[in-house]
């Protein structure tokens with residue numbers, strides 16, 4: 003990537019893209035990414051470090067919000083690195099970074115990263131150039147260490163144009179929901195836009211393992227789509243596995259399964275017995291009701307017969323007039 007020139011790379015998506023299709027595909031990819039993240043958390047053997055770089059207003063926060071908000075919070079973290087605190091500045095520049103790297107099974111997002119410790123000091127000329135020159139190798143060795151110990155690193159640069167950056171910075175002055183984002187220092191950084199591009203190009207050339215993914219960032223939908231596409235491919239290539247049971251765990255699992263099957267069998271038998279008894283009771287009740295009905299009919303028939311006989315006998319008695 004030594005010949006990469008950011009001013010030759012478009013910040014906008016290709017023409018003719020179907021926006022609705024892009025949104026739908028992005029949603030589908032994000033669901034798959036979330037499922038993979040859960041699987042990696044369950045496996046607990048590897049980790050993923052996602053580095054998001056870009057100048058102010060490039061949309062790093064939006065990427066984090068859109069793609070990672072639905073992940074399992076137990077296995078996902080996000081960190082942001084800005085001006086070092088007094089404590090951080092009293093250590094080597096990677097001290098604050100290293101303690102935020104992901105544990106096994108975790109996804110860690112760096113919203114800005116250790117590359118800020120090259121970018122800002124270089125543009126603002128804060129350190130001796132020789133010190134900054136060494137930082138490139140130190141970062142390469144640091145990232146190599148992480149990769150050798152099971153961390154996959156994915157690096158994104160969100161490529162926004164100078165005009166689009168100005169538009170977004172102005173929104174922070176006119177949109178009440180974005181006032182809180184405004185920082186007067188962002189305008190100073192904007193004045194150094196070209197200088198930052200030069201330093202980024204050097205970073206891409208000297209720290210290209212793992213490679214950088216340059217994402218056109220002028221359009222939010224396409225930006226999120228491209229980041230999602232890269233991440234999904236990374237997860238697919240990791241060939242994640244659901245954790246296997248140890249011999250002791252398998253023994254306990256089989257025992258529990260057998261007990262559950264027996265309990266289920268006993269419960270099924272009990273349910274069948276209760277169902278049969280209820281059915282038999284219903285039959286008996288129906289039979290008794292029928293017998294009672296017949297008995298009632300017989301009694302009623304006998305009553306009517308006696309009543310008829312009584313009337314007939316009364317009719318045959320001579321009527322005597324007493325004087």
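In my numbering, the protein residues as written are 3 to 325.
Cβ coordinates follow ideal geometry from the N, Cα and C atoms, glycine included.
Note that the coordinates shown come from a computational prediction; the quantities given were computed from them, not determined experimentally.
{"Check": "Proximity winner among 12, 45, 191, 6, relative to residue 224 (alpha-carbon distances)", "Outcome": "12"}
{"Check": "Residue 24, enclosing beta strand (DSSP E) - first and last residue", "Outcome": "Run containing residue 24: none in the beta strand (DSSP E); it sits in the alpha helix (DSSP H), 21 to 45."}
{"Check": "Three-state secondary structure (DSSP) of residue 185", "Outcome": "coil"}
{"Check": "Whole-angstrom distance between residue 210 and residue 133, CA atom to CA atom", "Outcome": "20 Å"}
{"Check": "Residue burial classification, residue 87 (beta-carbon count within 10 angstroms, cutoff 16)", "Outcome": "exposed"}
{"Check": "Extent of the continuous beta strand (DSSP E) run through residue 155", "Outcome": "153 to 161"}
{"Check": "Distance between residue 252 and residue 81 (C-alpha atoms, nearest Å)", "Outcome": "38 Å"}
{"Check": "The alpha helix (DSSP H) enclosing residue 278, as first and last residue numbers", "Outcome": "249 to 317"}
{"Check": "Same chain, Cβ closer than 7 Å to residue 323, neighbours up to 5 away in sequence not counted", "Outcome": "For residue 323, the predicted structure reports a pLDDT of 48, less than 50, and the residue's modelled location is therefore unreliable. A value from the coordinates is still provided. Answer for residue 323: no residue qualifies."}
{"Check": "Cut-off 7 Å between Cβ atoms - residues of its own chain near residue 125, not counting five sequence neighbours on either side", "Outcome": "194, 197, 198, 201"}
{"Check": "CB contact flag (residue 203, residue 6, <8 Å)", "Outcome": "yes"}
{"Check": "Straight-line gap, residue 290 to residue 311 (C-alpha atoms, nearest Å)", "Outcome": "31 Å"}
{"Check": "Close beta carbons around residue 107, own chain, < 8 Å, minus the five adjacent residues each side", "Outcome": "42, 43, 44, 45, 46, 47, 48, 49, 77"}
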